[in-house]
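Residue numbers (our numbering): 15 to 440.
First comes the structure, then the notes that go with it.
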Amino acid sequence: MTISGQRSETGKRVLLTGGRAPAALDLARQLAANGHQVFMAESCPQHLCRRSRAVRRSYIVPEPAIHPKAYVEALKQLIEEERIEWLLPMCEELFYVAGGLTELSPLCRVFVEPLDKLRRLHSKWEFIQWAAQLGLAVPETRLLTSQQDCLAFMERAAEEARLRHEAGGPAATKWVLKPVFSRFSSKVFLAEAAADGWRSCTQTIRELPVSADAPWVAQQYMEGAAYCSYSIAHQGRITAHAVYPVRFTAGLGACISFEPVRHPGIDRWVEHFVQEEGFTGQIAFDFIEAEDGTVYPLECNPRATSGIHLFRPEDRLDQALFAGERQLQSEQKRITPQMDRRAMITVAMISYGLAAALSPAGRSRFSYWLRFLAGAQDVVLRLRDPQPFWQQFRLVYWNWRKGREHRISVMEASTRDIEWNGGEMN
15 MTISGQRSET
25 GKRVLLTGGR
35 APAALDLARQ
45 LAANGHQVFM
55 AESCPQHLCR
65 RSRAVRRSYI
75 VPEPAIHPKA
85 YVEALKQLIE
95 EERIEWLLPM
105 CEELFYVAGG
115 LTELSPLCRV
125 FVEPLDKLRR
135 LHSKWEFIQW
145 AAQLGLAVPE
155 TRLLTSQQDC
165 LAFMERAAEE
175 ARLRHEAGGP
185 AATKWVLKPV
195 FSRFSSKVFL
205 AEAAADGWRS
215 CTQTIRELPV
225 SADAPWVAQQ
235 YMEGAAYCSY
245 SIAHQGRITA
255 HAVYPVRFTA
265 GLGACISFEP
275 VRHPGIDRWV
285 EHFVQEEGFT
295 GQIAFDFIEA
305 EDGTVYPLEC
315 NPRATSGIHL
325 FRPEDRLDQA
335 LFAGERQLQS
345 EQKRITPQMD
355 RRAMITVAMI
365 SYGLAAALSP
375 AGRSRFSYWL
385 RFLAGAQDVV
395 LRLRDPQPFW
405 QQFRLVYWNW
415 RKGREHRISV
425 MEASTRDIEW
435 NGGEMN
């Protein structure tokens, strides 16, 4: 690993953003291990990479969601002062980087798509519509932009459930309701429309804070096995790719255990979508595989995700990121993780994972949870770079304080200053 303060003769000078995320820390370590000089720009003063030996220098910058113009100006200054060659956004600040793309791209290579393309992928409504236009199977999804839409949806879904039941079908249909722009499965409700009316969440649906400026979607609940994918692409060509099943999560939210699997159906789906999109950057998807083998997309994250944890420095993810025209034109092998890789967010696995494994629905998974806990590598702890492990507790405390200050959950507080919900950037 490149130690902070050392210089590389051949590596690139890379500016990462989103240092609060374990994925950013992992990528910083992988890049440093392969001779690149890593710099970090973060608006959270207690971010995870603050004291990492993989990061040459770390800078605190304005909060992009609150001061987007000042944020872009700070990045421009850092790029010029540190002679940055590549800017790699890692979290939702990516959208604010894309908003300043015309100012940033003359200074270095910015690994993001224009904002209008990212918005289409970030939107849980527009993404599903676009996937359907490409001929891909998608779950039934309905847009809700007013209370009238909510009431009309409830009436129609109940009537459809009644007709299906009369035709010999199931007595009820489950629906997932969520904001068009959201993250970590926050503010997600599961409702059930039955032949004799709604069995749950009736009052909740009627009181959803839905508007044209803050739309929601009602999406058909898909039974099946859940998977996530993570890919790096250049001009529609995938240079790195990983698929992993969803075994343990933080509540209804993010995956906390990671093991790669081979899934040709998801591989083909992602390859087709990325090629049709002509996408450049990091991109991730959430899927459900139905019992008949059909792969259904749930949502898209046009940014880095925890799939990065499946790669090691020797896999050379940096080559996938910095692929040049010559490499793209050649038959370069796509980088995939080794099948024996196991990674986890240990603190979350001990809390959320154990609770899930001991629940009545999850008791059959307890032995698997125990084996995984014993055999997986923590995504934060490294003996040669120990400070981030202790820093994660400072980060949690910081988010807890922010949550109390703004009367929101710790999870919501963790992205409050970087999230983008599709509005104008003032």
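Ideal Cβ positions, reconstructed from N, Cα and C, are used throughout, including at glycine.
Here the structure is a predicted model, which means the values were calculated and not measured.
With respect to the C-alpha of Gln44, the residue from Gly149, Arg379, Leu324 having the closest C-alpha is Leu324. Note that the C-beta distance between Cys105 and Arg317 is below 8 Å.
Around the beta-carbon of Ala370, 16 or more other beta-carbon atoms lie within 10 Å, marking it buried.
Here Asp210 is exposed, its C-beta having fewer than 16 other C-beta atoms within 10 Å. Secondary structure of Met104 (DSSP, three-state): coil. Annotated as proximal: Ile93 and Leu121, with beta-carbon spacing under 8 Å. In the structure shown, Asp300 adopts extended strand secondary structure according to DSSP, grouped into three states. Across the set Phe272, Thr116, Leu102, the C-alpha of Phe272 shows the shortest separation from the C-alpha of Arg355. Three or more pairs of CB atoms, one per stretch, sit closer than 8 Å, so the segment 246–260 contacts the segment 282–302. Around the C-beta of Ser66, 16 or more other C-beta atoms lie within 10 Å, and the residue is accordingly described as buried. With respect to Tyr110, Val86 sits close: the two C-beta atoms are nearer than 8 Å.
Rounded to the nearest whole angstrom, the CA to CA distance from Gln51 to Arg97 is 11 Å. In the DSSP assignment, Lys138 falls outside any beta strand (DSSP E), carrying neither H nor E.
Proximity of the segment 291–298 to the segment 222–238 falls short of the contact definition, fewer than three beta-carbon pairs being nearer than 8 Å. Between Ala181 and Glu174, the alpha-carbon positions lie close to 11 Å from each other. In the DSSP assignment, Phe203 falls within the unbroken beta strand (DSSP E) covering 203–208.
Scanning its chain for C-beta atoms nearer than 8 Å, with the 5 sequence neighbours on each side dropped, one finds around Leu165 the residues Arg220, in chain order.
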